[in-house]
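*Asks:* If you count by our numbering, then the sequence shown holds residues -5 to 76, one letter each, in order. We treat Cβ as the ideally placed atom computed from N, Cα and C, and that holds for glycine. Here it is, the structure, as structure tokens.
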Amino acid sequence: MSANQKRLIAFAFCVLISLVLGFASGLAVAALGASRLAAVSAGGAATVALLAIGVAVIALFDFTDDRGNSTPPSQHRTETPT
């Protein structure tokens, strides 16, 4: 799998998790008795904040390409045969 595909999967996972947690945050604020506007604002703010943090964390990792490592390394014997 290429490095860009790995990064795309990590980014998609980050988006899904931030959407779910943002929705849960909005529901929690609504359950506490806030207005609809406040609940939507809290959910949106949580989604954007979590997405920004997730993208920043993903950017720190160096994704490598696995396509060149399909053959196992050769085994060299260092012992002398007897």
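Short check: CB of serine 19 to CB of glycine 48, under 8 Å?
*Replies:* No. Outside cutoff.
*Asks:* Where phenylalanine 5 and asparagine -2 are concerned, what is the direct C-alpha to C-alpha distance, given to the nearest angstrom?
*Replies:* Roughly 10 Å separates the two Cα atoms.
*Asks:* Taking the Cβ atom as the reference point for each residue, do leucine 31 and valine 9 lie within a distance shorter than 8 Å?
*Replies:* Against a cut-off of 8 Å, the Cβ pair of valine 9 and leucine 31 comes out as no contact.
*Asks:* Among the candidates Phe55, Thr72, Arg61, whose CA atom is the shortest distance from the CA of serine -4?
*Replies:* Residue Arg61 is the option with its Cα nearest to serine -4.
*Asks:* Here's a check: name, in chain order, each residue in its chain whose Cβ is nearer than 8 Å to the Cβ of alanine 33, leaving out the five neighbours to either side.
*Replies:* So the qualifying residues of the chain are Gly20, Leu21, Val23, Ala24.
*Asks:* Apart from the five residues on each side of it in sequence, which residues of its chain come closer than 6 Å, Cβ to Cβ, to valine 42?
*Replies:* So the list is empty, once near-sequence residues are dropped.
*Asks:* Going along the chain, which residues of its own chain have a beta-carbon closer than 6 Å to the beta-carbon of arginine 157, five neighbours each way excluded?
*Replies:* An answer regarding residue 157 cannot be provided, because it is not within the stretch -5 to 76 covered by the chain.
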